[in-house]
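Residue numbers (UniProt numbering): 1 to 405.
For each residue, glycine too, the CB sits at the ideal point set by N, CA and C.
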Ligand SMILES: *[C@@H]1O[C@H](CO)[C@@H](O)[C@H](O)[C@H]1NC(C)=O
Ligand SMILES: *[C@@H]1O[C@H](CO)[C@@H](O)[C@H](O)[C@H]1NC(C)=O
């Protein structure tokens with residue numbers, strides 16, 4: 001695992017700085033995550049208002065609230081099949097039935113070269129896709145057939161365009177400008193790739209905002225009154241689908257001429273670009289594949305491990321089982337007609353999942369250590385530890401983080 005020095009984002013943002021200048025103009029913040037897209041309207045009045053209200057509690061907090069079929073977030077996926085483009089859940093279903101037609105987790109590939117670790121990871125995740133270097137560019141593209149090569153940016157542009165339509169429907173007016181939220185570790189190449197996708201999609205990007213800043217703002221906006229001259233340091237731990245980010249935000253109130261203004265400063269960031277829920281999903285997928293082979297091996301004509309549709313079904317089931325194992329100690333994985341019309345059923349326990357992932361847990365705290373070191377703070381100087389992101393539902397990860405306090 002490669003560790004880069006943490007970025008000290010000496011970025012001071014007044015909480016009101018993101019307020020659009022003119023009333024009646026809709027700005028949307030788009031969090032382009034690897035698995036999900038979350039969106040928030042930025043409205044005059046409140047610096048960062050949320051699109052759909054969802055109760056925010058002190059121990060669990062979403063970066064931004066969201067809209068979609070599920071009313072919270074929309075799957076970050078586009079499917080291209082028989083001349084038709086689908087998005088969100090429809091596209092996800094298509095991607096499972098016809099894996100080669102579905103493109104997901106594209107943020108991993110933005111601005112990457114063929115030899116980057118993210119591209120290798122992607123090819124392990126989705127072996128059905130053929131990736132190659134885009135001629136004349138230092139980026140990758142999907143080879144669909146002999147004549148068709150899709151640059152990642154073009155696929156991302158399709159998704160952004162659709163997301164913008166959803167936002168505009170919600171706002172009941174065209175969206176005039178956009179803020180795109182990106183992981184704090186995005187390189188210049190990754191930023192450029194995302195911006196060129198946004199341009200293709202016709203978005204008017206005011207700025208890219210680091211997710212550490214967005215998280216700090218979102219937290220602060222709802223607690224403006226709680227801040228005073230004394231600095232409060234809060235650690236945000238965000239384990240998402242493909243990456244983990246720890247950020248230290250320092251909140252206070254500063255005097256600005258006549259009034260007092262709440263302020264957040266991101267003092268330290270630490271991350272693991274490839275530690276996320278998906279690692280657990282893939283381990284579980286491979287475990288289920290092994291169990292299926294053990295049950296039917298001698299009777300199988302082909303190899304389910306080389307069959308994209310079987311692998312996609314196993315991945316979907318692995319994701320479901322992982323979620324259940326966050327709340328239960330055991331469950332059954334079950335897939336009808338998994339491969340060669342054979343059904344599959346197998347018991348999986350939380351202990352088994354934790355044993356499979358034993359090598360991942362030592363990575364959980366590294367981003368925290370890096371963020372604290374960058375902020376020149378120790379744990380006992382923190383007012384609070386806030387855990388966000390889907391991955392923190394896993395009890396073992398909660399245990400590791402809670403043990404810090
Ligand atoms: C600021 O607020 C904290 C807790 O809300 C309180 O303990 C502290 O005394 C306050 N400091 C000042 C300078 O008012
Ligand atoms: C780090 O914090 C310590 C104690 O709070 C302080 O003495 C030291 O000067 C700080 N170092 C830097 C580089 O700011």
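Could you check if residue i belongs to the surroundings of ligand 2, using beta carbon to heavy atom distance under 8 Å?
i: residue 376; result: yes
Nearest to residue i by CA position, among the options, is which residue?
i: residue 174; options: 338, 327, 26, 344; result: 26
i: residue 357; options: 28, 255, 282; result: 282
i: residue 183; options: 80, 34, 133, 359; result: 34
i: residue 382; options: 353, 237, 341; result: 237
i: residue 360; options: 310, 280, 339, 151; result: 280
i: residue 408; options: 262, 207, 209; result: Residue numbering for the chain in the displayed model covers 1 to 405; residue 408 lies beyond these limits and cannot be assessed.
i: residue 137; options: 146, 180, 153, 127; result: 153
i: residue 92; options: 272, 103, 84; result: 103
i: residue 231; options: 42, 344, 384; result: 384
i: residue 109; options: 124, 140, 84; result: 140
i: residue 364; options: 285, 197, 172, 275; result: 275
i: residue 322; options: 297, 285, 307; result: 285
i: residue 134; options: 111, 121, 325, 195; result: 111
i: residue 338; options: 288, 326, 324, 32; result: 288
i: residue 319; options: 343, 295, 348; result: 348
i: residue 210; options: 251, 266, 172, 235; result: 266
i: residue 374; options: 355, 252, 248; result: 248
i: residue 368; options: 207, 388, 268; result: 268
i: residue 296; options: 387, 334, 264, 344; result: 344
i: residue 194; options: 88, 146, 151, 81; result: 151
i: residue 82; options: 164, 144, 196, 159; result: 144
i: residue 121; options: 208, 98, 36, 273; result: 273
i: residue 98; options: 116, 115, 75, 129; result: 129
i: residue 165; options: 105, 142, 203, 185; result: 203
i: residue 245; options: 389, 403, 95; result: 389
i: residue 242; options: 41, 105, 192, 208; result: 105
i: residue 335; options: 37, 292, 208; result: 292
i: residue 157; options: 149, 196, 354, 186; result: 196
i: residue 408; options: 96, 41, 255, 94; result: Lying before the first or after the last residue shown, residue 408 is absent from the chain, which here runs from 1 to 405.
Distance, Cα to Cα, residue i vs residue j?
i: residue 201; j: residue 161; result: 5 Å
i: residue 113; j: residue 190; result: 10 Å
i: residue 176; j: residue 169; result: 13 Å
i: residue 397; j: residue 391; result: 8 Å
i: residue 393; j: residue 332; result: 19 Å
i: residue 225; j: residue 217; result: 14 Å
i: residue 378; j: residue 372; result: 6 Å
i: residue 86; j: residue 79; result: 5 Å
i: residue 304; j: residue 310; result: 6 Å
i: residue 299; j: residue 290; result: 14 Å
i: residue 362; j: residue 370; result: 14 Å
i: residue 313; j: residue 39; result: 28 Å
i: residue 233; j: residue 28; result: 28 Å
i: residue 401; j: residue 301; result: 46 Å
i: residue 180; j: residue 32; result: 7 Å
i: residue 342; j: residue 294; result: 13 Å
i: residue 252; j: residue 227; result: 5 Å
i: residue 235; j: residue 250; result: 9 Å
i: residue 350; j: residue 278; result: 16 Å
i: residue 328; j: residue 346; result: 15 Å
i: residue 213; j: residue 271; result: 14 Å
i: residue 172; j: residue 178; result: 16 Å
i: residue 118; j: residue 107; result: 10 Å
i: residue 198; j: residue 89; result: 22 Å
i: residue 124; j: residue 264; result: 39 Å
i: residue 131; j: residue 240; result: 24 Å
i: residue 306; j: residue 126; result: 11 Å
i: residue 61; j: residue 84; result: Because the pLDDT at residue 61 is just 27, under 50, the model does not fix this residue reliably, and the value given afterwards should be weighed accordingly. Looking at the two C-alpha atoms, the distance is approximately 36 Å.
- Item | 3-residue-minimum beta strand (DSSP E) runs that sit fully inside the segment 145–177, ordered along the chain | If only uninterrupted beta strand (DSSP E) runs of at least 3 residues are considered, those enclosed by the segment 145–177 are 148–151.
- Item | ligand 1 site residues, beta-carbon cut 7 Å against heavy atoms | The filter returns 226, 228, 229, 230, in chain order.
- Whole runs of the alpha helix (DSSP H) within the segment 61–143, excluding any shorter than 4 residues: Taking only runs of at least 4 residues, the alpha helix (DSSP H) segments lying wholly in the segment 61–143 are 88–97, 117–125.
- What are the complete alpha helix (DSSP H) segments, minimum 4 residues, inside the segment 177–229? Qualifying alpha helix (DSSP H) stretches, in chain order: 188–200, 211–221.
- Which runs of the alpha helix (DSSP H) spanning at least 4 residues fall entirely within the segment 274–355, listed in chain order? Runs found: 277–296, 308–327.
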